[in-house]
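Notes for the one structure printed next.
Number of protein chains: 2
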Amino acid sequence: MAAQTAEAAQGLRERKKLETRSALRAAAVRLYLERGPADVTVHDICEAAGVSPRTFFNYFETKDDAVFDWDNRLTGQLVDLLTARPAHEAPLEALHHTLRTAIPALVADAGWRERRKLLGAHPELVRKLVHSNSHMSEALSDAVAARTGLSADALYPRLVAGAAITVLRSAIRAWDPESSTEELLAMLDSCFASVAAGLPEPPGDDPARPGG
Amino acid sequence: MAAQTAEAAQGLRERKKLETRSALRAAAVRLYLERGPADVTVHDICEAAGVSPRTFFNYFETKDDAVFDWDNRLTGQLVDLLTARPAHEAPLEALHHTLRTAIPALVADAGWRERRKLLGAHPELVRKLVHSNSHMSEALSDAVAARTGLSADALYPRLVAGAAITVLRSAIRAWDPESSTEELLAMLDSCFASVAAGLPEPPGDDPARPGG
DNA sequence: ATGCAGTGCTGCAAAAATGCACTACTGTAG
DNA sequence: CTACAGTAGTGCATTTTTGCAGCACTGCAT
């Protein structure tokens, strides 16, 4: 396996690169929180991070991508975790365990929580997040295909990966970033249970209440 | 209900607007197919459509959005169809019928087929398509919430809508645009069946065939 | 036909994003 | 120590995207 999940910077070069990326990410989140996304230019972020604007776009595709860097790092991590799950687990089950394993570290990351709050304060950003999610979905889809021995173009891997991403998104969105990790995990479990049951009518649904 | 699904242009003004939008969409798809997305500038599209570049961005958020205009029109249509489904249908079932109903008209649309081929020829575009899909997902989510009497922030509507969008995307992507409508509908049915069953191990999976 | 309100279209300036070529430094081999 | 390959960072030109303000036309009322 060539996948080096360890973040150990082996050389000066690698370390500098990680530092630059980190600096850009941190500066972006900080400035976004301070002034709001609309009042922060790429120039500002770069000045705070000490690099040129061109360099910013060497690391990130769009201005907002720096804020979503967590998701891209998470993607690689999820793929590794999923690959490491025992082969006897059904794909959906393996994905469930994978997410469950990855979430605590996320919640423990102060930067990630900051970002989560940023998304709550600026819903416009959520729309751009889809891009990162799509990347994650494709990566997981490929990993599921590898697990099941199916083609990467087959329907099943895309369905399961898509469902898992939807679950993750929905749970994080509904989760209150001030509350505990357990809350998030509970919602994740509930979502996976709902999907595994074939998404039947809403659990707490009371037929006597028309809802209008 | 104030929703006017009818596309009848009541005044000259409305008609002109639709014409401009149509012209931009058509020009974009044609030029994209002729030269490839990278070799078409907004300026080119606007020249072909006879409007200024600034006007392009009054209609579409990004250069590629003109190509995805079908999805945005489809979104409104799906919401209307879903709202019209009988109340006794379960959400997932109602979404299944909704998509089944909308698809034939799409496939019959020559422009939509062109677009579908464009996506096959230029996979980079698929990445940008997620944006439209996300819009569609949110709209359907709200419609499901209305059907079930749940809050728009509840988990269930997002899960079902997300699953439906994933199904639609997967089916269209796997579908050969040269083949028949029935092929696409069959894949759609198969996907919905898989989701309704809780996404168990791949259906046509033959344990004897390693698939490598 | 005339005047008014609403708004579609446009030009302009600034910011975001991309391709290309160049510099400077890192890591490695001699 | 020196030479070399690889590549992160940069500057520049071009394209994409957005905010703002003005012009022109439509739809409506008089």
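For the record, the sequence lines run as chains C and Y.
Under numbering that gives the first Met the number 0, the first residue of the first sequence carries the number 0, and numbering increases by one thereafter.
Under numbering that gives the first Met the number 0, the first residue of the second sequence carries the number 0, and numbering increases by one thereafter.
Heads up, the beta-carbon is just placed ideally off N, CA and C, and yes, glycines get one too.
Values in this document were obtained by computation on a predicted structure and should not be read as measured data.
Query, Result
"Which residues mark the beginning and the end of the alpha helix (DSSP H) in which Y:Lys-16 is found?", "11-34"
"Which bits of chain Y does C:Asp-152 rub up against, with CB to CB less than 7 Å?", "Ala-173"
"For chain Y, find out if any of its Cβ atoms is closer than 8 Å to the Cβ of C:Cys-45; answer yes or no.", "no"
"Considering just the uninterrupted stretch of the alpha helix (DSSP H) at C:Leu-184, what are its terminal residues?", "180-195"
"Could you tell me whether the Cβ of C:Thr-165 comes closer than 8 Å to any Cβ of chain Y?", "yes"
"Taking the alpha carbon of C:Gln-261 as the point to measure from, which residue in C:Leu-184, C:Ser-189 and C:Ala-142 has its own alpha carbon closest?", "No answer is possible for residue 261 of chain C: the residues shown for chain C start at 0 and end at 211."
"Quick check on the DSSP output: the alpha helix (DSSP H) that includes C:Glu-92 runs from which residue to which?", "90-107"
"Quick check on the DSSP output: the alpha helix (DSSP H) that includes Y:Arg-222 runs from which residue to which?", "Shown here, chain Y extends from 0 to 211; a query on residue 222 of chain Y therefore has no answer."
"Report the neighbours of C:Glu-200 on chain Y: residues whose CB is nearer than 8 Å to its CB, in chain order.", "Ala-89, Pro-90 and Thr-147"
"Can you give me the start and stop residues for the alpha helix (DSSP H) that C:Leu-73 sits inside?", "68-83"
"With a threshold of 8 Å between beta-carbons, can C:Ala-109 be considered close to chain Y, or not?", "no"
"Ordered along the chain, which non-local residues of its own chain (more than five positions away) have a Cβ less than 7 Å from that of C:Leu-30?", "Val-39, Asp-43, Ile-44 and Ala-47"
"By Cβ distance below 7 Å, which residues in the same chain neighbour C:Cys-190 in space, the five residues on each side in sequence not counted?", "Val-166, Ser-169 and Ala-170"
"Is it a yes or a no for the segment 101-113 of chain Y touching the segment 82-102 of chain C, going by three-plus beta-carbon pairs under 8 Å?", "no"
"Buried or exposed: which applies to C:Asn-57, given that a residue is buried once 16 or more other Cβ atoms fall within 10 Å of its Cβ?", "exposed"
"From C:Trp-111 to Y:Ala-86, what distance separates their C-alpha atoms?", "41 Å"
"What did DSSP end up calling Y:Glu-123 once you bin it into helix, strand or coil?", "helix"
"Once the 5 residues before and after C:Leu-219 are set aside, which same chain residues still bring their CB inside 6 Å of it?", "Outside the modelled stretch of chain C, which goes from 0 to 211, sits residue 219 of chain C, for which no answer is possible."
"Considering only their Cβ atoms, is the gap separating C:Gly-161 from C:Ser-136 smaller than 8 Å?", "yes"
"Just the chain Y side, please: which residues come within less than 8 Å of C:Ser-169 by C-beta, in chain order?", "Leu-154, Arg-157, Leu-158 and Gly-161"
"Taking all protein chains shown into account, do 16 or more other C-beta atoms lie within 10 angstroms of the C-beta of Y:Arg-115, making it buried, or fewer, making it exposed?", "buried"
"Could you tell me whether any Cβ in chain C is nearer than 8 Å to the Cβ of Y:Ser-193?", "yes"
"What in chain Y is Cβ-close to C:Ala-101, meaning under 8 Å?", "Near C:Ala-101 there are no residues of chain Y at all, since even the closest Cβ is about 19 Å away, more than 8 Å."
"First and last residue of the alpha helix (DSSP H) that includes Y:Ala-48?", "41-48"
"May I have the straight-line CA-CA distance separating C:Gly-148 from Y:Glu-200, to the nearest angstrom?", "11 Å"
"Given a cut-off of 8 Å, decide if Y:Leu-80 and Y:Ala-101 are closer than it, judged by their beta-carbon atoms.", "yes"
"Please go through the same chain and pick out, in chain order, the residues whose beta-carbon is closer than 7 Å to the beta-carbon of C:Val-41, but skip the five residues on each side of it.", "Pro-52, Phe-55 and Lys-62"
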